[in-house]
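Line order of the protein sequences matches chains A and B. Just so you know, the first sequence maps onto residues 39 to 352 in the numbering used here. Just so you know, the second sequence maps onto residues 787 to 1085 in the numbering used here. We put the CB at the ideal spot given by N, CA and C, even for glycine. Please read the structure below before turning to the comments.
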Amino acid sequence: MRLAFTIRRYHPELDAAPHEETYRLDVTRGMTVLDALIRIKNEEDGRLTFRYSCRSAICGSCAMTINGAEKLACRTSVRKEWERHGGITIEPLRHLPVLKDLAVDMCSFWGKVRAIEPWVQADHLTPTGPLSLPAGSAQFHNVDACIMCGACVAACTVHEVDQGFLGPAALAKAYRFVADPREDSAARTARLAALQGPTGMWDCTRCNFCVEVCPKDVKPMEAIIRLRRAAIQAGMTDTGGARHVVGFRDLIARFGRLNEALMPLKVVGPSLRRLLHVLPLGLRMLLKGKVPNPLHPPIEGVRHVRALLERTRR
Amino acid sequence: MKYALYPGCAAKGATPELYQSTMAIIGRLGIEVTELTASSCCGAGVVAEADPEGALALNARTFAQAERLGLDVMTICGTCQGVMSTANRQLKADPALLQRVNRLLETERLVYHGNVQVKHLLWVVVREVGLAKLKDEVQVTLGDLKIAPFYGCYILRPSWDLGFDDPENPNSLEKLIRAVGAEPVDYGGKIKCCGFPIILEKEDIALAMNGANLKEAKEGGADAMVTPCPLCHMSLDIYQERAARKVETNLNLPVLHLPQMLGLAMGVSAKELGVEHHLVPVDSILKVVGERRKESGRS
Ligand code: SF4
Ligand code: SF4
Ligand code: SF4
Ligand code: SF4
Ligand code: FES
């Protein structure tokens, strides 16, 4: 079968702008997108640039955008892509600077991993925690399976609009150390506190893109949720995000359903400035019949809902 | 075709027009429902951030109520669908967890055995009602209108929990847009996020996301947008003016709930579909629908 591959090409020193090029190739059984790229480089254009090493989904260097989604080229079947999309388009990872063709500058990615200080922080002379990990804890909910390919960051919808966001891979890594029993409790608290501000754990919208694209089932978003839970449990509740979570649960325990008239007030918290910011929209909603009665009756059986949330709380 | 209707909070709160328009169309499509009036919030993924087992128990309680009626659950909110699909998968896969959660339901004499399926109205219309039946009910084709689908996150991802559309290339909304005679707008933002979960605390980020998707749809020629998620609707409609300012463009893009789009084509009145609740006026769409109706009356 002869198939067309459309590849985004860009040579910053020669090209004013990126452009697409199409190559036709006889594809063989079991061929991966990386196999195809190597053939194109060898047979069509030796200048085509892309990264790879292990060819077996271990090194994390071949992540790219294939038919609009972040994938490892070495693990992506040409045939399946063709069947799914009716064509094959290959582009570099999104929202990272392109060095040449499919190779992007991963500096910001590594900088963020470094920024979360990815090592166990403990006094090694007089450690307070265990020296080795208790059995079963080694994977930290699979975060250690991360191969640092960057697919999740390229897919992240918050990173798309704010490239300062620490992003799924680094935040998942941070969770791995928060969960590590060898880390000193003071260091753990400092780590959580450092992630409370802008670009930290509360910027994630829980869009599930990182979970969907990760080739190693790391589920970064779930690690971010665990980070948030750890922060709330450590008493760090003075952020909009934490007020949202705690306030939401309280409203469900009270009414059984979300009370959208009261929810914004919970998130705003004790701040006149923030209240004045949400008020105009609230008034427009009121005029359109979109603000439910804040005193609406709770659902049938709300006491059972309250009791069960009380029991699972601890 | 009978379902236990799970309304969710938004349809009972800030988007009453979703509930209204759902009720106005399902009978004619042959969907019968018993509403789960004692159901709680699904937790929206927020309760789980503090208390994962509590969130699972809330959903098990809803499933148990439906199971007692011998019915599968139909949702009308993309977020509810995502949260409940994941909860249901977890409960079905882990008997020990199910047992623990059932213990929390004992005081209400409820028990969930894991026999319920949860389906969004979108899926029920595409797969069970069928496009042929829907086309039979269409009285006013929405021809000439270009409608941009906006799926929202939770009805697509994680795809292994939802198991309906291809998350990279969904087409169920497109099928319905075509069935009512309109033309779907293809744009990258249709599978992205509207930013709603952080819109109260991180408005700048959320508006940048929301604005970018709306702008892309508008530039693709959209006359309106349609969404199966009322939380997306809140972002896209209530916050549209602020989003437009953020991305420095003029938007004025009417946003329809899925049953409103179907209802307009089925000849249901704008009043019954509750469009007067929207912040972005739907007048331009109603005008086209009115003209089409006059034409078809004449012929
Ligand atoms: S879930 Fe959060 S971290 Fe993951 S891609 Fe979405 S916004 Fe980014
Ligand atoms: S979390 Fe997954 S997608 Fe993200 S860098 Fe690690 S392996 Fe790649
Ligand atoms: S997702 Fe939202 S609307 Fe649906 S039940 Fe949960 S809180 Fe309510
Ligand atoms: S698009 Fe927004 S409201 Fe809709 S599901 Fe995603 S985050 Fe939720
Ligand atoms: S080449 Fe190493 S992960 Fe693809």
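Cβ separation of residue i and residue j, assumed to be a contact under 8 Å, to the nearest whole Å
i                 : j                 : result
Asn845 (chain B)  : Met870 (chain B)  : 6 Å
Cys190 (chain A)  : Val251 (chain A)  : 6 Å
Glu750 (chain B)  : Arg266 (chain A)  : Nothing in the structure corresponds to residue 750 (chain B), since chain B is present only between 787 and 1085.
Leu63 (chain A)   : Arg77 (chain A)   : 6 Å
Thr823 (chain B)  : Ala790 (chain B)  : Contact flag wrong, Cβ pair sits at about 10 Å.
Ile1071 (chain B) : Ala1010 (chain B) : 5 Å
Val71 (chain A)   : Ile96 (chain A)   : 16 Å between Cβ atoms; not a contact.
Phe286 (chain A)  : Leu296 (chain A)  : 7 Å
Pro253 (chain A)  : Arg349 (chain A)  : That pair is no contact at about 39 Å.
Ala101 (chain A)  : Gly205 (chain A)  : So it is not a contact: roughly 14 Å between Cβ atoms.
Lys304 (chain A)  : Arg281 (chain A)  : 6 Å
Leu896 (chain B)  : Val887 (chain B)  : Going by Cβ atoms, the distance from Leu896 (chain B) to Val887 (chain B) rounds to 10 Å, so no, they are not a contact pair.
Val196 (chain A)  : Ala998 (chain B)  : Going by Cβ atoms, the distance from Val196 (chain A) to Ala998 (chain B) rounds to 12 Å, so no, they are not a contact pair.
Met860 (chain B)  : Val910 (chain B)  : 6 Å
Neighbour list for residue i in chain A, Cβ cutoff strictly below 7 Å
i                 : result
Lys978 (chain B)  : Thr195
Asp951 (chain B)  : What Asp951 (chain B) touches in chain A: nothing, since even the nearest Cβ is about 12 Å away.
Ala836 (chain B)  : Arg267, Ile270, Val283, Val284 and Arg287
Cys939 (chain B)  : Cys245 and Asn246
Ile991 (chain B)  : Val196, Val199, Asp200 and Asp241
Gly1076 (chain B) : What Gly1076 (chain B) touches in chain A: nothing, since even the nearest Cβ is about 22 Å away.
Proximal chain B residues relative to residue i, where beta-carbon distance stays under 8 Å
i                : result
Met323 (chain A) : Ala800, Ile1024 and Leu1065
Val305 (chain A) : Leu986 and Glu987
Thr164 (chain A) : Here the premise fails: no neighbours, minimum Cβ distance about 35 Å.
Arg295 (chain A) : Cys795, Lys798, Gly799, Ser826 and Cys827
His123 (chain A) : Glu954 and Asn955
Proximal chain B residues relative to residue i, where beta-carbon distance stays under 9 Å
i                : result
Asn105 (chain A) : Glu954 and Asn955
Pro135 (chain A) : What Pro135 (chain A) touches in chain B: nothing, since even the nearest Cβ is about 19 Å away.
Pro302 (chain A) : Leu986
Glu108 (chain A) : Ordered by position in chain B, no residue passes the 9 Å Cβ test against Glu108 (chain A), which lies about 10 Å from the chain.
For residue j and residue i, the rounded distance between their alpha carbons
i                 : j                 : result
Val971 (chain B)  : Lys932 (chain B)  : 6 Å
Arg89 (chain A)   : Ala212 (chain A)  : 27 Å
Ala228 (chain A)  : Asp276 (chain A)  : 15 Å
Arg67 (chain A)   : Phe147 (chain A)  : 35 Å
Ala841 (chain B)  : Glu121 (chain A)  : 38 Å
Val353 (chain A)  : Thr127 (chain A)  : Residue 353 (chain A) falls outside the range modelled here, since chain A spans only 39 to 352, and no answer is possible.
Cys828 (chain B)  : Cys866 (chain B)  : 6 Å
Cys1078 (chain B) : Thr927 (chain B)  : The amino acid occupying residue 1078 (chain B) in the given sequence is Arg; Cys does not appear at that position. In a straight line, the C-alpha of Arg1078 (chain B) is about 7 Å away from that of Thr927 (chain B).
Val833 (chain B)  : Val915 (chain B)  : 34 Å
Arg814 (chain B)  : Gln1046 (chain B) : 14 Å
Tyr48 (chain A)   : Tyr973 (chain B)  : 23 Å
Lys79 (chain A)   : Thr60 (chain A)   : 13 Å
Pro332 (chain A)  : Asp255 (chain A)  : 42 Å
Candidates the options: closest to residue i by CA position
i                 : options                                     : result
Val216 (chain A)  : A:Ile262, A:Leu137, A:Gly285 and A:Ile337   : A:Ile262
Glu214 (chain A)  : A:Ala268, A:His123, A:Leu300 and A:Thr237   : The amino acid occupying residue 214 (chain A) in the given sequence is Arg; Glu does not appear at that position. Looking at the Cα atoms, A:Ala268 is the closest of the given residues.
Gly1053 (chain B) : B:Gly1076, B:Leu962 and B:Tyr940            : B:Gly1076
Gln1026 (chain B) : B:Val1041, B:Asp951 and B:Ala800            : B:Val1041
Val1068 (chain B) : B:Glu1002, B:Val1012 and B:Arg1028          : B:Val1012
Val65 (chain A)   : A:Glu59, A:Asp73 and A:Glu58                : A:Asp73
Pro139 (chain A)  : A:Pro253, A:Arg292, A:Pro56 and A:Gly307    : The sequence given here has Asp at residue 139 (chain A), not Pro. Measuring from the Cα of Asp139 (chain A), the nearest candidate turns out to be A:Pro56.
Ala111 (chain A)  : A:Phe43, A:Val256 and A:Ser223              : A:Phe43
Cys194 (chain A)  : A:Cys248, A:Pro236 and A:Leu313             : A:Cys248
Pro802 (chain B)  : A:Arg344, A:Gly327 and A:Leu333             : A:Gly327
Cys1018 (chain B) : B:Lys788, B:Tyr792 and B:Ala800             : B:Ala800
Thr872 (chain B)  : B:Arg886, B:Leu857 and B:Gln903             : B:Gln903
Tyr937 (chain B)  : B:Glu960, B:Lys921 and B:Asp922             : B:Glu960
Lys257 (chain A)  : A:Ala345, A:Gln177 and A:Pro172             : A:Gln177
Glu987 (chain B)  : A:Val316, A:Asn331 and A:Lys109             : A:Val316
Gly235 (chain A)  : A:Pro219, A:Gly278 and A:Val343             : A:Gly278
Ser345 (chain A)  : B:Thr1035, B:Leu1050, B:Arg889 and B:Pro983 : Strictly speaking, residue 345 (chain A) in this sequence is Ala, with Ser absent from that position. Taking only the C-alpha atoms, the option nearest Ala345 (chain A) is B:Arg889.
Glu155 (chain A)  : A:Glu260, A:Ala224, A:Ala208 and A:Pro130   : A:Ala208
Neighbour list for residue i in chain A, Cβ cutoff strictly below 8 Å
i                : result
Met995 (chain B) : Thr195, Val196, Glu198, Val199 and Thr243
Val832 (chain B) : His282, Val283, Phe286 and Arg287
Arg943 (chain B) : Cys245, Asn246, Phe247, Val249 and Glu250
Glu894 (chain B) : Gly339 and His342
Chain A residues whose Cβ lies nearer than 9 Å to that of residue i
i                : result
Thr823 (chain B) : Ile337 and Glu338
Proximal chain C residues relative to residue i, where beta-carbon distance stays under 9 Å
i                : result
Ile984 (chain B) : Within the model displayed, chain C is absent; protein chains A and B are what it includes.
Chain B residues whose Cβ lies nearer than 7 Å to that of residue i
i                : result
Gly327 (chain A) : Pro802 and His1063
Arg214 (chain A) : Those within 7 Å of Arg214 (chain A) in chain B number zero; the least Cβ separation is about 18 Å.
Leu319 (chain A) : Ile1024
Pro330 (chain A) : Gly799 and Ala800
Which residue spans inside the stretch 839–877 of chain B form an unbroken beta strand (DSSP E) run of at least 3?
-> 858–861
For the stretch 64–125 of chain A, list the beta strand (DSSP E) runs that are entirely contained and at least 3 residues long, ordered along the chain.
-> 101–104 and 107–110
Could I get the ranges of all uninterrupted alpha helix (DSSP H) runs contained in the stretch 912–953 of chain B, with 4 residues as the minimum, in chain order?
-> 917–923 and 945–948
Can you list the alpha helix (DSSP H) stretches of 4 or more residues lying completely in the stretch 964–1009 of chain B, in chain order?
-> 989–1005
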